[in-house]
Amino acid sequence: MSLLLQLIANGIVYSGIIVLASVGLSLVYSIADFANFAHGDTMAVGAYGAFATIGVLTSMGLTATIWGFPVAFFVALLVGMAVAAVVAVLTHKIVYEPMDVGSIGMLITSIGIAFLYRSVIQMRFGAIMQSFGVQRFGPIPELQAALGIAVTRRDLLIVAVSLTLVVGLHLLLQYTTLGRKMRATADNRSLAKVSGIRTGRVLVSMWVIGAALAAAGGVFIGLNANIYPRMGFDILLLVFAAVILGGIGSVYGAMLGGFVIGMIHELTPLFQTRLGIPIGTEYAPAIAFLLMVGILLWRPQGILGGSNT
Amino acid sequence: MSGLSLSVPLVGELNREEQLVAGGVVGFVALLAVAVVAGIIEPTYLLFLLSLAGMYLLLSMGLNVHWGYTGLINFSVAAFFGIGAYGTALLTASGSPLASSMYPPILGFGIGILGAALVAVLIGIPTLRLRADYLAIASLGLAEVIRLLILNEREWTAGSQGISAIPRFWYPLFSGSSPDWAPSALDPLFTTSLNALQTAFLNFLLVVVLIIAVYAILKRLHRSPWGRVQRTIRSDQDLAEALGKDTYSFKMQSFVLGSVIMAIAGAFYAHLNLFIAPGDLNPIRTFYVWVAVILGGSGSNRGAVLGGFVIVLIIEGTRFINGIAAIPFDIAPLRLFLIGLLIVLIMKFRPQGILPPQAELIWPSATRGEDDE
Chain A
1 MSLLLQLIAN
11 GIVYSGIIVL
21 ASVGLSLVYS
31 IADFANFAHG
41 DTMAVGAYGA
51 FATIGVLTSM
61 GLTATIWGFP
71 VAFFVALLVG
81 MAVAAVVAVL
91 THKIVYEPMD
101 VGSIGMLITS
111 IGIAFLYRSV
121 IQMRFGAIMQ
131 SFGVQRFGPI
141 PELQAALGIA
151 VTRRDLLIVA
161 VSLTLVVGLH
171 LLLQYTTLGR
181 KMRATADNRS
191 LAKVSGIRTG
201 RVLVSMWVIG
211 AALAAAGGVF
221 IGLNANIYPR
231 MGFDILLLVF
241 AAVILGGIGS
251 VYGAMLGGFV
261 IGMIHELTPL
271 FQTRLGIPIG
281 TEYAPAIAFL
291 LMVGILLWRP
301 QGILGGSNT
Chain B
1001 MSGLSLSVPL
1011 VGELNREEQL
1021 VAGGVVGFVA
1031 LLAVAVVAGI
1041 IEPTYLLFLL
1051 SLAGMYLLLS
1061 MGLNVHWGYT
1071 GLINFSVAAF
1081 FGIGAYGTAL
1091 LTASGSPLAS
1101 SMYPPILGFG
1111 IGILGAALVA
1121 VLIGIPTLRL
1131 RADYLAIASL
1141 GLAEVIRLLI
1151 LNEREWTAGS
1161 QGISAIPRFW
1171 YPLFSGSSPD
1181 WAPSALDPLF
1191 TTSLNALQTA
1201 FLNFLLVVVL
1211 IIAVYAILKR
1221 LHRSPWGRVQ
1231 RTIRSDQDLA
1241 EALGKDTYSF
1251 KMQSFVLGSV
1261 IMAIAGAFYA
1271 HLNLFIAPGD
1281 LNPIRTFYVW
1291 VAVILGGSGS
1301 NRGAVLGGFV
1311 IVLIIEGTRF
1321 INGIAAIPFD
1331 IAPLRLFLIG
1341 LLIVLIMKFR
1351 PQGILPPQAE
1361 LIWPSATRGE
1371 DDE
């Protein structure tokens, strides 16, 4: 039982990361109308933005901590989100906006953008794995005693911040003017335009939100394990799987899909222990991809379907 | 087979882009010739580079069938390349974990091609009904599944250590010893050993023959009614269906054909490089080939030729930059940067590619009447 609980706990943490990435990808899909293959590398941009910031702040002597985490880390998280947002908006303004090549042309362009991001990161930081250097604590003793599972402070932080960001996005979409404009634009861009919505501005806000959330996801990958230039691309297909699962263009679908994919990814060991099927964790992404293809066949519009952002 | 005539047009008949490309090609060949004469590039290495370019050209022609003819966004090029390479490597290499005896590479080619055709059908069944962008994502995912399988099923594929000691394509010819089953009259064919230059030349010759064969078949097919249906599907699938064409079946034929060409390229690579590892199946190879096709011009075979050479120029040329100038970082990111920049620039300024298909889609006889007037 405790193995199952442990895997579920791991799954919730990993889901948090996938959900953050999925929401942004889904926003771009529904509003800018193309599959953005640079989304994973946007996560890496955010993670490396935070990495550089931590280095600078630590060398400046900022050593204060909150609940064991350096204040520098929280500042770096915000800076990383801002860096990714700026990079995404600049890319949008310089490359995507003036282009007129249809959604497939945009998709191919975004692959080029992904390579540009990754190569610049690699030129500056090298191809090696690096870590934020945030002190590690063991599992929280109270939780271990009560439930018999190992959950660290990092895990709780990732889940808490992911939840906050997702709830924040929900409030933004449902209760603000910008959110209403975004939903209108996603639903029908031409109609939104003739209704007087400045869709150009909506597009920019969409890039800011999507990239900032992706960056937070990237920073959490780094907090959970390591950062390396290919980190974003390596997780991109899982994120696509989540977005497709939830229904392309639906933000809430993306949240649900991200949760499901994150869970499946972490629950892979159950195939071995419960069902006796010898599939190791090395096939966790493969299972998610196969599920994605299955969903595409069974229900191409995804679980929640349509663009009801 | 009048469609096979490889007539060289006069300079005056080319448009401006074609003249520029032709000039660039002539200049580049001259540069290479000077480099070889001056001893900067070893002839053996030059032949290896040309063979590698030929390999990318084969891959590009395969993808051109998918994307250029039919409009299928296939992001699993690396997987079919890998199936071809592993198909032949597992059968022929003395280091293979599967086969204890070395089979001749020609059999390996056959198995690689069969394997690719089979996997193409298996991948095609679920994905070819999907919308364009879904197909892209799904095929990339399935290609990753194949790479993960090759990486992790160690007792079958040797895992991450890869398969070494792959024989040259000509094995057991020129291997130094005559096998028992060969008639003694043929002994010289087996017992002669080749030096490195001769081997490189034979490899180059092989890829040239493969390219000419594939090019001829594709050119013939593309101009046939089959090719016209594919082009119709590409530009308007609903129209093709309205005309009573079974678009799913045509897409599947295109998918299998292109994948088989990719597998041929992979099998050739295995016998050229003599080593193959799961890293060769990384998605980056797929995108190299994509760049080659969109750079050359989607749907254009001569465009694929140009694109294939430019890609090798970037991949191998960056090695030279590293050797010559002291740049402060590794070459891998520079290569990635150039490829990324190339993709963005093409899509921004010339989405139809440098040499988009023009006259090559039309039977010569179709326009001859106008010329006579």
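Respectively, the protein sequence lines represent chains A and B.
Residues in the first sequence are numbered from 1 upward in steps of one, following the numbering used here.
Residues in the second sequence are numbered from 1001 upward in steps of one, following the numbering used here.
Just so it is clear, CB atoms sit at the ideal spot from N, CA and C, and this is done for glycine as well.
Just so we're clear, the structure is a prediction, and the values are computed from it rather than from any experiment.
Starting from Thr1286(B), follow its DSSP beta bridges and name the residues at the other end. Start at 1 with the first residue of the second sequence, and residue 1286(B) comes out as number 286. BP columns for Thr1286(B) are empty, so no partner.
Spatial neighbours of Tyr228(A) in its chain, beta-carbon cut-off 6 Å, leaving aside the 5 residues before and after: Counted from its first residue, the first sequence places residue 228(A) at position 228. Cβ neighbours of Tyr228(A) beyond the five flanking positions: Met129.
Burial state of Trp298(A), where buried means 16 or more other Cβ atoms lie within 10 Å: Locating residue 298(A) in the first sequence gives position 298, counting from the first residue. By the 10 Å Cβ count, Trp298(A) comes out exposed.
Using a Cβ-Cβ cut-off of 9 Å, state whether Tyr1069(B) counts as contacting chain A. Counted from its first residue, the second sequence places residue 1069(B) at position 69. Closer than 9 Å: no.
Specify, as a first and last residue, the run of the alpha helix (DSSP H) that Asn1152(B) falls within. Translated into the one-based positions of the second sequence, residue 1152(B) becomes position 152. Note, Asn1152(B): alpha helix (DSSP H), Ala1132 to Asn1152.
At the level of alpha carbons, what is the spacing between Ala1158(B) and Ser1300(B)? Taking the first residue of the second sequence as 1, we reach residue 1158(B) at position 158. Taking the first residue of the second sequence as 1, we reach residue 1300(B) at position 300. Answer to the nearest angstrom: the Cα atoms are 38 Å apart.
Could you please give the first and the last residue of the uninterrupted alpha helix (DSSP H) stretch that includes Arg136(A)? Here residue 136(A) corresponds to residue number 136 of the first sequence, with the count starting at 1. Looking at the DSSP string, Arg136(A) is not in any alpha helix (DSSP H), and its letter there is neither H nor E.
Beta-carbon separation (whole angstroms), Gly1162(B) vs Ile1276(B), contact threshold 8 Å: As a position in the second sequence, residue 1162(B) is number 162, starting the count at 1. As a position in the second sequence, residue 1276(B) is number 276, starting the count at 1. That belief holds up - the Cβ atoms of Gly1162(B) and Ile1276(B) are roughly 6 Å apart, short of 8 Å.
Closer than 9 Å, CB to CB, is Val1312(B) near chain A or not? As a first step, residue 1312(B) must be located in the second sequence, where it is residue number 312. No, its Cβ sits nowhere closer than 9 Å to a Cβ of chain A.
For Tyr1069(B), I'd like the list of residues in its chain whose CB is within less than 7 Å of its CB, leaving aside the five on either flank, ordered along the chain. Within the second sequence, numbered from 1, the residue matching residue 1069(B) stands at position 69. Closer than 7 Å at the Cβ level, and outside the excluded window around Tyr1069(B), lie His1222, Gly1227, Gln1230, Arg1231, Arg1234, Ser1254 and Gly1299.
At 8 Å on the CB atoms, spell out the chain A contacts of Val1145(B), in chain order. For the purposes of this step, residue 1145(B) is taken as residue 145 along the second sequence, with counting starting at 1. Ordered by position in chain A, the residues that pass the 8 Å Cβ test against Val1145(B) are Ala286, Phe289 and Leu290.
Taking Cβ-Cβ distances below 9 Å as the criterion, which residues of the segment 121–152 of chain A are in contact with chain B? Ile121, Gln122, Met123, Arg124, Gly126 and Ala127
Length of the line joining the Cα atoms of Arg1147(B) and Leu1140(B): Against the second sequence, residue 1147(B) aligns to sequence position 147. Against the second sequence, residue 1140(B) aligns to sequence position 140. Cα to Cα, the separation comes out at about 11 Å.
Can you give me the Cβ contacts of Ala1196(B) inside the same chain, cut-off strictly under 7 Å, excluding the 5 residues immediately before and after it? Position 196 of the second sequence, counted from the start, is the residue given in the question as residue 1196(B). Only Thr1044 meet the Cβ criterion.
Check the Cβ of Thr1127(B) against every Cβ in chain A and list those closer than 9 Å, keeping chain order. Against the second sequence, residue 1127(B) aligns to sequence position 127. Ordered by position in chain A, the residues that pass the 9 Å Cβ test against Thr1127(B) are Val293, Leu296 and Leu297.
Are the beta-carbon atoms belonging to Met1055(B) and Tyr1215(B) less than 9 Å from one another? Counting from 1 along the second sequence, the entry for residue 1055(B) is found at position 55. Counting from 1 along the second sequence, the entry for residue 1215(B) is found at position 215. Not closer than 9 Å, so no.
Quick one: Cα of His1271(B) to Cα of Val19(A), how far? Taking the first residue of the second sequence as 1, we reach residue 1271(B) at position 271. Taking the first residue of the first sequence as 1, we reach residue 19(A) at position 19. Cα to Cα, the separation comes out at about 45 Å.
Starting from Ile1294(B), find everything on chain A with Cβ-Cβ shorter than 8 Å and list it in chain order. As a working mapping, residue 1294(B) is identified with position 294 in the second sequence. Result: Ile108.
Return no unless some Cβ of chain B is closer than 9 Å to the Cβ of Arg118(A). Your numbering for residue 118(A) matches position 118 in the first sequence. Arg118(A) counts as touching chain B.
Interface residues of the segment 35–69 of chain A facing chain B [CB-CB below 7 Å]: Ala35
Please classify Pro141(A): is it buried, with 16 or more other beta-carbons within 10 angstroms of its beta-carbon, or exposed? The residue labelled residue 141(A) in the question sits at position 141 within the first sequence. Label assigned to Pro141(A): exposed.
Rounded to the nearest angstrom, what separates Ser307(A) and Ile248(A) at their Cα positions? Within the first sequence, the letter at position 307 stands for residue 307(A). Within the first sequence, the letter at position 248 stands for residue 248(A). Its pLDDT being 46, under 50, Ser307(A) is placed unreliably in this model, and the value from its coordinates should be taken loosely. When rounded, the distance between both Cα atoms is 7 Å.
Chain-ordered residues of the segment 227–239 of chain A with a beta carbon less than 7 Å from chain B: Leu237
Going by Cα to Cα distance, which pick from Tyr252(A), Met255(A), Ala127(A) and Leu238(A) is closest to Glu266(A)? Within the first sequence, residue 266(A) is the residue found at index 266, counting from 1. Comparing Cα positions, the closest option is Leu238(A).
Can you name the residues of chain B whose CB is closer than 8 Å to the CB of Phe259(A)? Residue mapping note: residue 259(A) aligns to position 259 of the first sequence, counting from 1. Simply none; closest approach about 19 Å.
Under the three-state DSSP convention, the category Ile1211(B) falls into: By 1-based counting over the second sequence, the position of residue 1211(B) is 211. Ile1211(B): helix per DSSP, three-state reduction.
For Ile1315(B), which three-state DSSP category applies? Your numbering for residue 1315(B) matches position 315 in the second sequence. Looking at Ile1315(B) - three-state DSSP - the assignment turns out to be helix.
Specify the secondary structure class of Gln301(A) as computed by DSSP and reduced to three states. Here residue 301(A) is taken as the residue at index 301 of the first sequence, counted from 1. In this structure, Gln301(A) counts as coil in the three-state DSSP scheme.
Measuring straight from C-alpha to C-alpha, what distance separates Ala225(A) and Arg154(A)? Within the first sequence, the letter at position 225 stands for residue 225(A). Within the first sequence, the letter at position 154 stands for residue 154(A). Each residue's Cα considered, the two are about 10 Å apart.
What residues in its chain sit with their C-beta under 8 Å from that of Met255(A), if we drop five residues either side in the sequence? Numbered from its first residue, the first sequence carries residue 255(A) at position 255. Once the five neighbours on either side are set aside, the close Cβ partners of Met255(A) are Val19, Ser22, Val23, Val166 and Gly246.
Pro300(A) touches chain B at which residues, Cβ-Cβ below 8 Å? Your numbering for residue 300(A) matches position 300 in the first sequence. Chain B residues near Pro300(A): Leu1130, Arg1131 and Tyr1134.
Please confirm if Gly280(A) has its CB atom under 9 Å from at least one CB of chain B. As a first step, residue 280(A) must be located in the first sequence, where it is residue number 280. Yes, Gly280(A) lies at the interface with chain B (some Cβ there is under 9 Å from its Cβ).
Keeping to the same chain, check which residues put their C-beta closer than 6 Å to that of Phe1204(B); ignore five residues upstream and five downstream. For the purposes of this step, residue 1204(B) is identified with residue 204 of the second sequence, where counting begins at 1. Cβ within range, chain order: Leu1047, Leu1050 and Ser1051.
In chain order, which continuous runs of the alpha helix (DSSP H) of length 4 or greater are located wholly inside the segment 89–158 of chain A? 102–125 and 141–147
If you run the structure through DSSP and keep just helix, strand and coil, what is Phe69(A)? Within the first sequence, residue 69(A) is the residue found at index 69, counting from 1. Three-state result, Phe69(A): strand.
With a threshold of 8 Å, establish whether the CB of Val1289(B) neighbours any heavy atom of the ligand MG. Ligands displayed in this structure: none; no statement on the ligand MG is therefore possible.
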